[in-house]
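S.K.: Attaching a single structure in structure tokens format; questions to follow.
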Amino acid sequence: MVDVVSYTLIAITCFCFGLIVSFQIAHIHYCRKLTHLVRRCISTKTIAPVLAEYEMLKPR
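For the sequence shown, this note's numbering assigns the number 755 to the initial residue and increments by one for each residue that follows.
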């Protein structure tokens, strides 16, 4: 039979792995977004895409 301490340790471990996975997913999303912006900047040879993205994200 599994006692309360074992359940607690399993819950803490699952929580930590969940945090790690969520940070990795957020990091991958951020890197893809940056890569897309860099490609647009290189193709247009300006920083206009970065400025447009900054204006869209800026709070009103």
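Just so it is clear, CB atoms sit at the ideal spot from N, CA and C, and this is done for glycine as well.
A quick note: this is a predicted structure, and the numbers were derived from the prediction, not measured.
Which two residues bound the contiguous alpha helix (DSSP H) that contains Ile801?
M.R.: Run containing Ile801: none; DSSP gives neither H nor E here.
S.K.: Classify Ile812 as helix, strand or coil using the three-state DSSP reduction.
M.R.: The sequence given here places Lys at residue 812; Ile does not occur at that position. In the structure shown, Lys812 sits in coil (DSSP, three-state: anything other than H, G, I, E or B).
S.K.: So what does DSSP say about Val756, is it helix, strand or coil?
M.R.: Three-state result, Val756: coil.
S.K.: May I have the straight-line CA-CA distance separating Val759 from Ser776, to the nearest angstrom?
M.R.: Cα to Cα, Val759 sits roughly 26 Å from Ser776.
S.K.: Taking the alpha-carbon positions, what's the His781 to Ser797 distance?
M.R.: The alpha-carbon atoms of His781 and Ser797 are separated by roughly 24 Å.
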